[in-house]
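A short write-up of the structure that comes next.
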Amino acid sequence: MNITDIGSSLGAIALLIYGTILFSSSVQELLGNRLIHFLNFHGKNNKGFILSGLLLSLLIENSVIVRNISLGFLKSGIISVDQTLGIIMGSNLGSTLLNYIAYFRPNYWSYVLLALGTALYFFYKDTQTKSIGKLLLSTGFLFFCFFFLRTHDLELGVFVDRLNISSIFVGLIIGLISAFIFRGFTIPVFLLQILLTQGFISFDATLPVLISLNIGSIFVLSRSNEESNRLIMWSQLIIYCLTSLIVLTFSSQFIDAVNSITSNGMLQIAVINTIINAIAMLISLIFLGNVTSVVGEFIHIDNKKEKQLELLDERILVTPALALEQIKKIVYRMGLLSLNSLEKVMNSFISQDSHGLNQVFENDKMIKEMEEQMNRYLVILGKNGLPGELSATINNVYDIMADIISVSNSTADIAHYTQESIDANLTYSSDGIKELKGMYAKVHHILQNSLSLILEKNKDKANLILQRENEVDTLQIQLRNDHIERLNRGECIPQSGLIYIDIISELERVSDHGADIAYIIKGD
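To convert, count from 1 in the sequence shown and add 41; that's this note's numbering.
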């Protein structure tokens, strides 16, 4: 074996890795934010999340990506630890089904996939059509990667002969190392299929490798400094150790059963790997909800302990469409905080009671901290070269956040005016307070409805908000004139009048920013 043989083998492996990554990314791009709705639909209980993980992995065909997405959901507070474990266990089983593709040979339909995918991806501007084209193109390319490996000797198999892979201990070590090198078990299983069909290894020798591949994959991308991640990692380890004991104890029976099903090396490895992960999933179905509690006690982690969650786990950022959906929800939370501040400060002013003003300032501080983190996430996303539609969404998010920050600033200003009014023991006419309540009700309605548009675009509601904002503009002028008349009649003192005018001006600004949000989303 010379350097050319080694280079061709490494190149073939690189093509396979690139093909699986391209296929996985194209599916993610096509699914986008449907992943969250998918989880919500199937995850009615903890065991339902196992089905979600299984189906997600069938769609994405990469258990590591599904694992990262689910851990991101966990850290962002979307799902629980048990639900995350269920998704991961289901995804491990789903990923094994990708290995069956290696059995099929590319035919004329592969050329059709490549041609159709190329046409849709390069000649259409519609984002959805381009995503479908990319998926077809990557599927055709993946089949040709398999075909290339099957029809060319994998010269690196000579090293496998020298390592005496028939030894269970050596097989376990090779599997663990391969899981870390290839960041999961999907690619190593493909290579095992090729090595078996080319005669470098026997079917019996693949069993310990497959077991350790699945165990090694547990540690891939694990972060031991995160309590929830350690809890999930050790729970998986216990489940797969039990699975390994079962499989190794009855290894001869499992091998005989697979041999009776098929004599094709490609299918044999795919089937036995599916069996291993099916047993692991069955164990998790039986013990899910208990295993994490037991492990939590053992490693001194309180699974039910409440802790402050980060806004967004950066692992979700590898899926831009999904990340943007989560970012929208965080922006909505920022908006709700500003709405809460508006409610508290106006109640404080109307009742001339400072109770609640501290919460307004705390909300303002929290909103600015959230904005700082959100800007960091958006910068990371923007560096990934997003397609036009997602890039435009990022710009809209920036603009909406700016409006929410401005609303928060206005509520903080009103809080200062309120505190000044309370300290000076100022009074206001009943007519003035009544008119102010009417204006506040309209502004509150505008802001509340504009925030709802962040999560659910509705052009009719946006148009109604823009109409209401014009009414607020007219109302502000009317309140100013009415206030001047009360001053002339001596029903209001000048100092109270200045604060009153400042507050209705701030309310009008809040109305403007609410309308801006509606305008941004309407044109989205």
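No residue lacks a Cβ here, since even glycine has one placed at the ideal position from N, Cα and C.
Keep in mind that this is a model prediction, so the values were computed, not measured.
In angstroms with no decimal places, state the Cα-to-Cα distance between residue i and residue j.
i: K85; j: I259; result: Model confidence at K85 stands at a pLDDT of 49, short of 50, so the residue's coordinates are unreliable; what they give is reported in the following sentence. Cα to Cα, the separation comes out at about 25 Å.
i: N388; j: Y541; result: 14 Å
i: R509; j: F390; result: 24 Å
i: K346; j: A55; result: In this prediction, K346 has a pLDDT of 41, which is less than 50 and means its spatial position is unreliable; nothing more can be read from the coordinates.
i: Q393; j: E497; result: 37 Å
i: L308; j: V288; result: 18 Å
i: I463; j: A456; result: 10 Å
i: G41; j: H485; result: Limits of the chain in this structure are 42 at one end and 565 at the other, which puts residue 41 out of reach.
i: Y481; j: V401; result: 16 Å
i: E476; j: M375; result: 29 Å
i: N511; j: E549; result: 10 Å
i: L236; j: S243; result: 9 Å
i: I302; j: L419; result: 51 Å
i: S470; j: P535; result: 12 Å
i: S574; j: L233; result: The chain is shown only over 42 to 565; residue 574 falls outside these bounds and no answer can be derived.
i: P361; j: L139; result: 24 Å
i: I128; j: S121; result: 11 Å
i: L155; j: F231; result: 22 Å
i: T452; j: S111; result: 37 Å
i: K348; j: L254; result: Residue placement at K348 is flagged as unreliable, the pLDDT there being 42, under the threshold of 50; a coordinate-derived value is accordingly withheld.
i: K502; j: N490; result: 8 Å
i: V438; j: L378; result: 17 Å
i: F164; j: E366; result: 28 Å
i: L63; j: Q460; result: 59 Å
i: L516; j: S546; result: 11 Å
i: R521; j: D454; result: 19 Å
i: I256; j: L157; result: 39 Å
i: L398; j: D123; result: 40 Å
i: T238; j: D167; result: 43 Å
i: I215; j: P249; result: 9 Å
i: I506; j: E412; result: 25 Å
i: I317; j: F291; result: 12 Å
i: A246; j: S276; result: 27 Å
Tell me which residues share the same chain as residue i and place their Cβ nearer than 6 Å to its Cβ, disregarding the 5 neighbours each side in the sequence.
i: K369; result: I495
i: G60; result: F182, L183 and C186
i: S285; result: I252
i: H554; result: D444, S447 and V448
i: S67; result: K175, L176 and S179
i: L283; result: I324
i: Y141; result: A311
I'd like the list of long-range same chain contacts for residue i, defined as Cβ closer than 7 Å, with 5 residues on each side in sequence excluded.
i: G538; result: H524 and L528
i: Y458; result: I540, D543 and I544
i: G473; result: H524, R527, C533 and Y541
i: H396; result: S389
i: I441; result: V372, I495, I558 and I561
i: T468; result: S537
i: L58; result: The question names Leu, but residue 58 in the sequence shown is Ile. Same-chain partners within the cutoff: I228.
i: S552; result: V484, I487, E510 and V513
For residue i, does the count of other Cβ atoms within 10 angstroms reach 16, so buried, or fall short, so exposed?
i: I222; result: exposed
i: L51; result: exposed
i: K175; result: buried
i: V386; result: buried
i: P229; result: buried
i: I571; result: Here the chain has residues from 42 to 565 only, and residue 571 is not among them.
i: I421; result: exposed
i: A298; result: exposed
i: D343; result: In this predicted model, D343 has a pLDDT of only 46, less than 50, meaning its place in the structure is not dependable; the value taken from the coordinates is given anyway. It counts as exposed.
i: I313; result: buried
i: K171; result: buried
i: A433; result: exposed
i: F82; result: Its pLDDT being 48, under 50, F82 is placed unreliably by the model, and nothing is read from it.
i: G564; result: exposed
i: Y152; result: exposed
Any heavy atom of the ligand GTP closer than 7 Å to the CB of residue i?
i: V484; result: Summarising the ligand content, the structure contains no ligands, and the ligand GTP is consequently not present.
Given residue i, which residues of its chain have a CB within under 8 Å of its CB, disregarding the five upstream and five downstream residues?
i: S304; result: none
i: I280; result: M130, A321, I324, S325, F328 and V332
i: N381; result: Q400 and N404
i: A465; result: Q536
i: N300; result: F244 and Q309
Can you list the alpha helix (DSSP H) stretches of 4 or more residues lying completely in the region 470-505, in chain order? 471-496
Which runs of the alpha helix (DSSP H), 4 residues or longer, sit entirely within the region 235-304? 247-259, 268-290 and 292-302
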